[in-house]
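First comes the structure, then the notes that go with it.
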Amino acid sequence: EIIHLENYQPTDFILERVDLTFELDPTETKVEARLIFHRRENVDVNAPLVLDGDELKMTGLLLDQETIEPAHYDAAESSLTIRNLPASAPFEITITTEINPEANTTLMGLYRTKNIYCTQCEAEGFRRITYFPDRPDVLAVYTVNIIAEKATAPLLLSNGNFLGGAGMGDGRHFAAWFDPHPKPSYLFALVAGDLGVVEDTFTTMSGRDIALKIYVEHGKEPRAAYAMDALKRSMKWDEDVFGREYDLDIFMIVAVSDFNMGAMENKGLNVFNDKYVLADSETATDADYANIEAIIAHEYFHNWTGNRITCRDWFQLCLKEGLTVYRDHEFSADMRSRAVKRIAEVRHLKSEQFPEDAGPLAHPVRPTKYREINNFYTTTVYEKGSEVTRMIATLLGADLFKKGMDLYFVRHDGQAVTIEDFVRCFEDASGRNLTQFALWYHQAGTPLVSVSVEYDTAKQSLTMALEQMVPATPGQPDKEPMHIPLRFGLLLPNGSEATATSVAGGEVTGDVLHLVERKQTVVFEGISSRPVVSFNRGFSTPINLHFEQSATDRAHIARHESDLFARWQALNDLATPNLVAATESARKGEPASVDPSQVETLLAAAADETLEPAFRAQVLALPSEADIAREIGSNNDPDAIHSGRQQVMTAIAKAGRDVFARLVENMAVSGSFSPDAASAGRRALRNSALSYLVYAENQAERAIKAFRDANNMTDLSQALTILAHRFPHDVSTTEALDEFKIRFEDNALVIDKWFGIQATIPGDGALQRVKALMDDPLFNASNPNRVRSLLGTYAFANPTGFNRPDGEGYRFLAKNILAMDPKNPQLAARILTSMRSWRSLESQRADHARNALRDIAGASKLSADVSDIVERMLKG
Ligand code: ARG
Ligand code: ZN
Numbered sequence: 007e008i009i010h011l012e013n014y015q016p017t018d019f020i021l022e023r024v025d026l027t028f029e030l031d032p033t034e035t036k037v038e039a040r041l042i043f044h045r046r047e048n049v050d051v052n053a054p055l056v057l058d059g060d061e062l063k064m065t066g067l068l069l070d071q072e073t074i075e076p077a078h079y080d081a082a083e084s085s086l087t088i089r090n091l092p093a094s095a096p097f098e099i100t101i102t103t104e105i106n107p108e109a110n111t112t113l114m115g116l117y118r119t120k121n122i123y124c125t126q127c128e129a130e131g132f133r134r135i136t137y138f139p140d141r142p143d144v145l146a147v148y149t150v151n152i153i154a155e156k157a158t159a160p161l162l163l164s165n166g167n168f169l170g171g172a173g174m175g176d177g178r179h180f181a182a183w184f185d186p187h188p189k190p191s192y193l194f195a196l197v198a199g200d201l202g203v204v205e206d207t208f209t210t211m212s213g214r215d216i217a218l219k220i221y222v223e224h225g226k227e228p229r230a231a232y233a234m235d236a237l238k239r240s241m242k243w244d245e246d247v248f249g250r251e252y253d254l255d256i257f258m259i260v261a262v263s264d265f266n267m268g269a270m271e272n273k274g275l276n277v278f279n280d281k282y283v284l285a286d287s288e289t290a291t292d293a294d295y296a297n298i299e300a301i302i303a304h305e306y307f308h309n310w311t312g313n314r315i316t317c318r319d320w321f322q323l324c325l326k327e328g329l330t331v332y333r334d335h336e337f338s339a340d341m342r343s344r345a346v347k348r349i350a351e352v353r354h355l356k357s358e359q360f361p362e363d364a365g366p367l368a369h370p371v372r373p374t375k376y377r378e379i380n381n382f383y384t385t386t387v388y389e390k391g392s393e394v395t396r397m398i399a400t401l402l403g404a405d406l407f408k409k410g411m412d413l414y415f416v417r418h419d420g421q422a423v424t425i426e427d428f429v430r431c432f433e434d435a436s437g438r439n440l441t442q443f444a445l446w447y448h449q450a451g452t453p454l455v456s457v458s459v460e461y462d463t464a465k466q467s468l469t470m471a472l473e474q475m476v477p478a479t480p481g482q483p484d485k486e487p488m489h490i491p492l493r494f495g496l497l498l499p500n501g502s503e504a505t506a507t508s509v510a511g512g513e514v515t516g517d518v519l520h521l522v523e524r525k526q527t528v529v530f531e532g533i534s535s536r537p538v539v540s541f542n543r544g545f546s547t548p549i550n551l552h553f554e555q556s557a558t559d560r561a562h563i564a565r566h567e568s569d570l571f572a573r574w575q576a577l578n579d580l581a582t583p584n585l586v587a588a589t590e591s592a593r594k595g596e597p598a599s600v601d602p603s604q605v606e607t608l609l610a611a612a613a614d615e616t617l618e619p620a621f622r623a624q625v626l627a628l629p630s631e632a633d634i635a636r637e638i639g640s641n642n643d644p645d646a647i648h649s650g651r652q653q654v655m656t657a658i659a660k661a662g663r664d665v666f667a668r669l670v671e672n673m674a675v676s677g678s679f680s681p682d683a684a685s686a687g688r689r690a691l692r693n694s695a696l697s698y699l700v701y702a703e704n705q706a707e708r709a710i711k712a713f714r715d716a717n718n719m720t721d722l723s724q725a726l727t728i729l730a731h732r733f734p735h736d737v738s739t740t741e742a743l744d745e746f747k748i749r750f751e752d753n754a755l756v757i758d759k760w761f762g763i764q765a766t767i768p769g770d771g772a773l774q775r776v777k778a779l780m781d782d783p784l785f786n787a788s789n790p791n792r793v794r795s796l797l798g799t800y801a802f803a804n805p806t807g808f809n810r811p812d813g814e815g816y817r818f819l820a821k822n823i824l825a826m827d828p829k830n831p832q833l834a835a836r837i838l839t840s841m842r843s844w845r846s847l848e849s850q851r852a853d854h855a856r857n858a859l860r861d862i863a864g865a866s867k868l869s870a871d872v873s874d875i876v877e878r879m880l881k882g
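In full-length UniProt numbering, the protein residues as written are 7 to 882.
Below, the structure is given as structure tokens:
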């Protein structure tokens, strides 16, 4: 069944209050829901109340405490319909259901993870707990009573503020919670069990003291210190930058080890995948620390963008997610290096979102139809949604953007709203018409902007001819021209910047050129000499840019741009044609020839001490194999891409041996471990240099030594990755892998890394290795992190190992997806999206991929999650 945006209707009944009582039991939990409703004005007096359910067993149903005649209701697994209800007076429905948390392997609704009761209700998990109007535009105030055995569940948590609790004399105890803020059911949470806690406090800008608690497994408390620090910084930042103050007396985070996603912003009670909470120097990498900081912030920021103001329906998911990702990006940029953060964001956007937007799963940031909403928690909704928010800030400028955000918070507090409501706030605050701009929410596909420039010495004028094209995507063959805000710079030969005396043919505000027509010619007068044009500074707009620029011009940008992101982009653009050419050579079985001047420019940047180490590390991280595949676009051969890229790496490594040796020496971080961005940057540059040195020497010694010397997880896992990827058959690699496994056997998050490193070893042997690892006693098919670390990493991040010419990789994945689907459809569907770019492969692989997808599609009893994905992948 497909749900369409245009069919949106408010509910017939308004929910006034929710009173829930849970009698927790691992296999027979009793839930009593008392719901007070009244019929909305002007709704037909005969209209029944229809509530959502999912796999529910109802054991009781009352209307105002009286039993309801069986003729007046229908209870099915997926809905409860009640007729003959009062015309206008409020009434109370009491529903009793019985659920089995232990048997709930979907990890949606109420489930058990390591003896902890835990919930995940977004998007439609609450209906697995009780019959309910389970949709985001139904906001109500909740009271929650939890009863459980005291010995095994001393901790009973839910949303809001703690009302009280006591023992019950029978070995059980209860706790009551009240959340004064009206909320939709997807923000409900309950956690019960035995956990350790880390406590702190935060004083808000108006002087209120908030109790902060992070709950983790006993013994892991010290590893929650960084998360607590990140939480306090997030709370302060949201006050300083967005003027947002926290609104309950307590803020809790619970870390659990079985979780489908990263984390969840339940009101006052965030539930996290423990991967995004737990860290110490011995077990977490710098990337882990950065992710923890970002995700703690993300979930906290949802308190305003998502919870206080929520979505009218799930089509509006980007209303909360795009905006909240934008907010967490800005937070991380303020905590760390803004330029390096931006580079990392763009790399991620291009490697994840661009392929989605170019393939069969492409959809608008604000879709208009869906079959399974879980499949729309995508990088398009999240990351492209964030970019669209960023463009609003670019278009309006910081002050008007702030004015628009303030208006949004005042106008819509306590409401469930739409993207149109959001955009209108910025129109009203700025007086600007954003109708054309809003196409970014509605048209899927990455726009392609082609530019050519011409300088006229006699007239001292620069002419830019621009053209935009938005590619066809599933369901959207024809596109309207978009409003594309392109930041740019005109760099003169001495490196300074030219400003035009006048501009004709288009609007330019500051350094933003507004491309609004399909074709547009913009003339800049008064440019004293031929400038080098730097386009899309800071990646101001998420487009593919087609602009023929000489290597000399790119090198000029790399040296002189004031925008550091643009400098990185120029260096990346210099490397790309070399990598594409090397791929072509490899395909013909010829050795790659690498342009020495490009290598020199790259090495000069790597050695440039005026640049921060983290930036230089980003320069040395060449475009990935997926980036190269995207650049080539079609008829891809992952083996040729891999081999071409390896050859370019080797050429750089050999030419830069001295540079790299010096970096390994100079970038060593002394003193005790600190996860700060500057130290992390030094480690990143040093490890990158180390990896190049190993390429140059083609010997394992240096990596073995690095593995022995490492005193933190970043260095240790990097050294192990180099060993495993470069010398998979070496006895020292086997020894290092074994040693690592034994040392960290008790730490699931580190063992995930151990699986991941091996799953990404490129080449022919990968499949056998992954199969063997599935039989390892440490593999656990019911733990999502573990499944992602082995199967997910293999399918998403091992292009040669997965895309085997014989198609065995696809068949293996298909078999595993089918095995996983009945237990955890969400996870199965997510991992299956790794095949989203199958059509851009060369025909032999593409045929195998299609057949594997058809095998999945033809299987009986597929979940809605998997069948939606597989059908769209075969069709689009
Ligand atoms: N709202 C959560 C976040 O972005 C993600 C929850 C997704 N859950 C799901 N079942 N798809 O922070
Ligand atoms: Zn979110």
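For every residue, glycine included, the Cβ atom is placed at its ideal position computed from N, Cα and C.
Residue from the options whose Cα sits closest to the Cα of residue i
i: Y14; options: R593, P477, T424, S357; result: T424
i: residue 3; options: L570, R573, D643; result: Given a span of 7 to 882 for the chain in the structure shown, any question on residue 3 remains unanswerable.
i: N718; options: R708, V700, S676; result: S676
i: I638; options: R45, N550, K747, M270; result: N550
i: R851; options: P828, D874, G813, G59; result: G813
i: G544; options: I349, I875, G511, A592; result: I349
i: F168; options: E877, L275, Q624, N857; result: L275
i: A506; options: H354, S467, A471; result: S467
i: I152; options: V144, L145, L161; result: L161
i: K326; options: E336, E47, G312; result: G312
i: N753; options: C124, E567, D286; result: D286
Extent of the continuous beta strand (DSSP E) to which residue i belongs
i: L169; result: 167-173
i: Y79; result: 79-81
i: S603; result: Looking at the DSSP string, S603 is not in any beta strand (DSSP E); the run it does join, the alpha helix (DSSP H), is 602-613.
i: C124; result: 122-126
Simplified DSSP state of residue i, which is helix, strand or coil
i: Y414; result: helix
i: S502; result: coil
i: F621; result: helix
i: N313; result: coil
i: K356; result: helix
i: residue 2; result: The question about residue 2 has no answer here: the residues shown for the chain are numbered 7 through 882.
i: M826; result: helix
i: P54; result: coil
i: F321; result: helix
i: A159; result: coil
Rounded distance between the beta-carbons of residue j and residue i, thought under 8 Å
i: H731; j: I767; result: 6 Å
i: I220; j: I259; result: 5 Å
i: G213; j: F184; result: That pair is no contact at about 23 Å.
i: L824; j: I862; result: 6 Å
Close beta carbons around residue i, own chain, < 6 Å, minus the five adjacent residues each side
i: A709; result: V700, A725, I728, L729
i: V51; result: A93
i: S694; result: A623, L626
i: T149; result: D25, F184
i: R314; result: D419
i: T385; result: E358, Q359, E362
Boundaries (first-last residue) of the alpha helix (DSSP H) holding residue i
i: N151; result: Looking at the DSSP string, N151 is not in any alpha helix (DSSP H); the run it does join, the beta strand (DSSP E), is 146-155.
i: M719; result: 719-732
i: S873; result: 870-881
i: H566; result: 557-566
i: H648; result: 644-661
i: D736; result: D736 -> no alpha helix (DSSP H), and no H or E assigned at all.
Contact set for residue i: own chain, Cβ-Cβ below 7 Å, skip 5 residues either direction
i: A803; result: T766
Own chain, CB closer than 8 Å to residue i, minus 5 neighbours either side, in chain order
i: G451; result: D363, A364, A368, V476, P477, A478, T479, Q482, K485
i: T799; result: F761, G762, A765, T766
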